[in-house]
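These notes concern the structure reproduced below.
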Amino acid sequence: MTGTDDGTKAGTRGPARASGPRVPAPWVRTRLRAAPAAALALALLVALTAALAAAFPRAVDRYEDAGLRRTLDDASPRRTTVQFFAPRPDLELSLGEGENALREAALRKGYDAVLAAVDKPLVADRAQSSYGVRTSDPTDASDSFLARPSGLPPRVALVAQNALGAHSRPASGRLPRATDPVTATTSEVEAAVTTETARTLHIKVGSVIHVPGLERAPLAVRITGIVAPREPDGAYWMSTPLIREPSLIQLPSDGGTYWIGALLLAPDAGPVLLGTPGKPERYWQVAPDTSGPTAHDVSGLASAVAALESGPGLARIRERVDPLTDATTDLDEVLSSFTELRSGIAPLVAVAAFGAGTVAAVVVLMASGLAAERRRGELALVRARGGSLPGVLGRLLAETAVVAVPAGALGLGAALLAVPHARLSSAVAAALAVTVLACVALPVRAAFAHRAVRVLGGREDIASVRPSRRRTVAELTVLVLATAAVAALRRGGTDDAGSSGGSGDQLVALAPVLVGVIAALVLVRLYPFPLRRLAGPAGRLRGVVAPLSLARAGRTSASTALPLLALLTALTTAAFGGSVLAGVHTARDHAALLATGADGRIEATHALPTALPGRIRDIRGVREAVPVSVAYRAQARRGSGTAGETAALVGVEPGPYGQLSRELDLGGFPARTLRATGPDGSGGSSGRGKAVVPAIASPSLADRFGTAPFSVQLEDDSKVTVRIAAVRDVTPAVTDLDFLVVDREALTRRAARPTALLLTGGHLDGAALRRAAGGGVDVRLRAEVRTAYVHSPLQSGAERIYTAAVAAGAGYAVLALLLALVRAAPERSALLARLRTMGLTRAQGRRLLVLESLPQALLAAVGGALTGWAAIRLLAPGLDLTAIAVAGRPAPGGTARLRTDALSLLVPSLAVLVVATGVALAQAWWTGRRGSVRELRAGDGR
């Protein structure tokens, strides 16, 4: 028996089923099933972009936080500790009340009041904070066993500081005690000293040191123990370094020296200081917790410190502790140095961030444009069949959000895992911005394309579509913004931008991007004209490939602006960023070269051994060792009785030293410049010290002395008469000093003995050089000095961020190029298939695709290189790379300015040409594999 699928017999009409309402297929699910590859590609793009956008602010926070911690750690606790001090209690108080005010219980109460006045984000490190009482004016200790370097008695300060046992361990003896209540009249107290103080001042356990009394007999201080600090570099000991180690003081009058040390009393022995002439004072030292603050807390930290120094915090302390309490700290200066360094670096990082962000945004817009172009017919049909524009846009927004929102959340999660321990809010905002852009880009693009109902549209190539008035106004607006940004940066520079804050800073950071935008808009308008000019001559050539490729390139899609904008922005940012990084490296190299004078420098305050140059030359890696003698305090004067000008007199061998100067480009000169002349100016020499010696001088000395002979007195009282024969801004032997370079043969034998060796060579071995040089000699290598300039994590972090931003921009630029080629791929494939049916060979097809894509790629490459060069030339006067190059450390060479780097201009542009050519060849190869029949199937509208 046969039947139908519904169970009825064949040929028999079954009962009619009740027809219910149709349930339409869900739009979003249907669209995702229809194009899963496109949805996956969008998800990957959004996830990657959201991850990079969210990771950027967190990475900036990470290196800024590390930079702040490094700044605080490098500063000594004496500078970062907030110190409060109050004089001895009011003289109107009774003696007993005054003594009670110096006991540990009263000091502890004041300490609690001080800590209560500390406002967040400043947090006290209670383990390293301290309080106590001390003599502010150390007094003489006349005991004969104490060290006396020049016969002067040492001076000692009496310090009763809390928690001595918790911060030290006994090296010998025991900690001091105050068993009986100590008063101002106590005749003897116990004390301890540190190991450094004991060794320097010749103090032993059991020693008794007598301190002068005030209207009483001298106070006997018995040493009961010698202690070793548990954390000698901690704030407990270093807030007042005298309690850890003594200090040698030199008298300015006769040059005599004496020691100052500290005797550490028991914490409850403070009242005894009232019986000494040492002017006792109470103190409370608040050490900040340097592990907690972050870079975005700096302004709050500065406000909290200011409140403690001279604001509401200090007022509360005076109210609760003593009206005469005062405060001092250098923590505000430490925070200010960090802020200045960050302000110099942040604008440069913002330039890279805006550049990479612009390219990424353009790529997201291009992806939505590709989706809109792919679904143009579908959406036009929906609108023609009655679909409302809000309804269509809502469905497009829903189907995009289903893909983009989870992808954005995934990218945010990846960024949080990759860059932990940083602020969350900025990362969420960045990932949300990317997600919102991805969601609304397709609906907005469709709204403009389908706001009017139409099924068939006209041609939309650049030959037929003319720019509208709105577009012209928009381009002029961007031109005005770019001009304002460039003018602001040239006039104020990044330093002013970093310190002022606000939208003006963002405009300055966008300047390179806006320059690229203007170039893209201009090139898109001018692009068709040269191609149309070339189409006529190309038509007279044999073959069809050249004229056809030029004709198609001249009639490319009118939406060329976005791909060109992405490429030009990426190339401009890459050229700008590469030039910044190259300029930073060049500035460091130049500063290190000026600081050392060569690849290496060996110098001493005395004459070097005669055999040392030979030993140094034998070390592996040393190519040459040029000896020089440098008298840093030579006095140049014209005539007797005139004021002398301090200058460095450098005695050199003209041949080797001149060659070294030329190789290093540090004031090179020919050897004949320093050839000695007789007193009358004729050639020849009249012996050491008697000839008029030619000299190479710094500009300031040349301006003062001119070309007339003048006398120079050296440190050994020998004299030489010199005449300035040449002027140079720099010389290898001397840095940041006025100098005179003369032939060593014209100096006395003592003055001519080398005090320095200038070394050249690659990969110098610092350890081997120091072993060969011996003790008492300073060995500096150019590579080590250069490394020292990269000290703050702000520098290294900013360089990494800058490099990553440039690399990300370049990657997105390649993706933009691929999207542009993918968008035109179906049309090109169909064209190749049709031409092959007319006899076009595969080789001709490859040439056609390459030549068709080459004008746009060449336009982007040349335009990007020119735009990058123009941006650098326009913005270089306002950019200061000194902060990121040397981080505020003392470095010769002046301000580091931005200069054009040829590799940064050419390599990205060549990469664009290579990628465009490679993609065209790959497309031609793939089309050839698929065959013409599949490309020309019936009903295809391509």
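Residue numbering for the sequence shown follows my numbering, beginning at 901 and increasing consecutively. Backbone N, C-alpha and C fix where the C-beta goes; we use that ideal spot for every residue, glycine too.
**Q.** Euclidean distance between Cα positions of L1574 and V1593
**A.** Approximately 8 Å between the Cα atoms of the pair.
Q | Distance between beta carbons of E1004 and A1084, contact taken as under 8 Å | A | With 8 Å as the limit, A1084 and E1004 do not qualify as a contact, their Cβ atoms being about 16 Å apart.
Q) If you draw a straight line from the alpha carbon of A1608 to that of V1634, how long is it in whole angstroms? A) Computed Cα separation, rounded: 23 Å.
Q: Using the DSSP secondary-structure output, state which residues sit across from A1409 in a beta bridge.
A: Bridge partners of A1409: none, in fact.
Q: Express the C-alpha separation of L1806 and R1433 in angstroms, rounding to a whole number.
A: Going by the C-alpha atoms only, they are around 27 Å apart.
(Q) Tell me whether the region 1172-1180 and the region 1128-1136 touch, counting them as touching only if at least three CB pairs, one residue from each stretch, are closer than 8 Å. (A) Output reads no: the region 1128-1136 does not touch the region 1172-1180.
Q | Nearest-angstrom beta carbon gap, R1034 and Y1158 [assumed within contact, 8 Å] | A | Beta-carbon to beta-carbon, Y1158 and R1034 are separated by about 19 Å, too far to satisfy the 8 Å threshold.
Q) Smallest Cα separation from E854: which of R1099, L1101, T1124 and G1065? A) Only positions 901 to 1842 of the chain appear in this structure, which leaves residue 854 out of reach.
Q: Whole angstroms is fine: what's the gap from P1081's alpha carbon to L1002's?
A: Going by the C-alpha atoms only, they are around 12 Å apart.
**Q.** 7 Å CB neighbourhood of A1757 in its chain, flanking five on each side removed
**A.** Once the five neighbours on either side are set aside, the close Cβ partners of A1757 are V1812, L1813 and A1816.
Q: Classify L1342 as buried or exposed, calling it buried when 16 or more other Cβ atoms lie within 10 Å of its own Cβ.
A: By the 10 Å Cβ count, L1342 comes out buried.
Q. If you measure from the CB of G1200, is any heavy atom of the ligand MG nearer than 7 Å?
A. With respect to the ligand MG, the structure offers nothing, as it holds no ligand at all.
Q: List the residues that DSSP assigns as beta-bridge partners of L1119.
A: The partner list for L1119 (beta bridge, DSSP) reads V1111.
Q) If we ignore side chains and look at the alpha-carbon of each, how far apart do A1385 and S1288 end up? A) The C-alpha of A1385 lies about 43 Å from the C-alpha of S1288.
Q) Which of the three DSSP states, helix, strand or coil, is assigned to R1533? A) In the structure shown, R1533 adopts extended strand secondary structure according to DSSP, grouped into three states.
Q: Would you list, in sequence order, the uninterrupted beta strand (DSSP E) runs of no fewer than 3 residues that lie entirely inside the region 1132-1182?
A: Whole beta strand (DSSP E) segments, 3+ residues: 1147-1150 and 1157-1165.
Q: Kindly indicate which residue of I1519, A937, A1253 and Q1695 has the alpha-carbon position closest to the one of D1665.
A: With respect to the C-alpha of D1665, the residue from I1519, A937, A1253 and Q1695 having the closest C-alpha is I1519.
Q: Taking only the alpha-carbon atoms, compute the straight-line gap between S1582 and A1591 and give it to the nearest angstrom.
A: Bear in mind that the predicted position of S1582 carries a pLDDT of just 43, short of 50, making it unreliable; the figure below should be weighed with that in mind. Cα to Cα, the separation comes out at about 10 Å.
Q: Verify whether the separation of the beta carbon atoms of L866 and T1190 is less than 8 Å.
A: Residue 866 cannot be examined here, being either before or after the span of the chain that is shown, 901 to 1842.
Q | M1738 burial status per 10 Å Cβ neighbour count (16 or more: buried) | A | By the neighbour-count criterion, in which a residue is buried when 16 or more other Cβ atoms sit within 10 angstroms of its Cβ, M1738 is exposed.
Q. How would you label P957, buried or exposed, when you count the other beta carbons within 10 angstroms and need 16 or more for buried?
A. The residue in question, P957, is buried, as its Cβ has 16 or more Cβ neighbours within 10 Å.
Q) Does the region 1526-1539 come close enough to the region 1645-1659 to have 3 or more Cβ pairs within less than 8 Å? A) These segments touch.
Q. Okay, do the region 1241-1249 and the region 1692-1703 touch, 3+ Cβ pairs below 8 Å being the bar?
A. As far as the Cβ criterion goes, the region 1241-1249 touches the region 1692-1703, which means the pair count is three or higher.
Q. Start and end of the beta strand (DSSP E) containing V1088?
A. Residue identity differs from the one stated: residue 1088 is Glu in this sequence, not Val. Here the beta strand (DSSP E) through E1088 covers E1088 to T1094.
Q: Report the rounded CA-to-CA distance for S1139 versus T981, giving the unit in angstroms.
A: Each residue's alpha carbon lies about 6 Å from the other.
Q | Inter-residue CB distance, D1197 and P977 (contact presumed, cutoff 8 Å) | A | Their Cβ separation, rounded to whole angstroms, is 20 Å, which puts D1197 and P977 out of contact at 8 Å.
Q) Helix or strand or just coil, what does DSSP make of G1213? A) Here G1213 sits in helix by DSSP.
(Q) Is the beta carbon of F1610 closer than 8 Å to that of A1548? (A) No, the pair does not count as a contact, with Cβ atoms beyond the cut-off.
**Q.** Whole alpha helix (DSSP H) elements within the region 1285-1343, 4-residue minimum
**A.** As far as the region 1285-1343 is concerned, its whole alpha helix (DSSP H) runs of at least 4 residues are 1289-1318.
Q) So, do the region 1410-1421 and the region 1762-1780 have three or more beta carbon pairs nearer to each other than 8 Å? A) Taking a contact to require three or more Cβ pairs closer than 8 Å, the region 1410-1421 and the region 1762-1780 qualify as touching.
Q) Measuring CB to CB, does Q1061 end up less than 8 Å from P987? A) Not closer than 8 Å, so no.
Q. With E1209 and A1187 assumed to form a contact (beta carbons below 8 Å), what rounded beta-carbon distance in angstroms separates them?
A. That belief does not hold up - the Cβ atoms of E1209 and A1187 are roughly 16 Å apart, past 8 Å.
Q. Does DSSP put D1569 in a helix, a strand or coil?
A. In the sequence as displayed, the identity of residue 1569 is Phe instead of Asp. Note: F1569 maps to coil in three-state DSSP.
**Q.** Paired residues, beta bridge with E1545 - DSSP
**A.** Answer is A1536.
(Q) Does the region 1224-1239 come into contact with the region 1678-1690, if we say contact requires no fewer than three beta-carbon pairs (one atom in each stretch) closer than 8 Å? (A) Contact fails: fewer than three Cβ-Cβ distances are below 8 Å.
Q.
Measuring only the C-alpha atoms, how far is S919 from P926?
A. Its pLDDT being 49, under 50, S919 is placed unreliably by the model, and the measurement read from it follows with that caveat. Between S919 and P926, the alpha-carbon positions lie close to 20 Å from each other.
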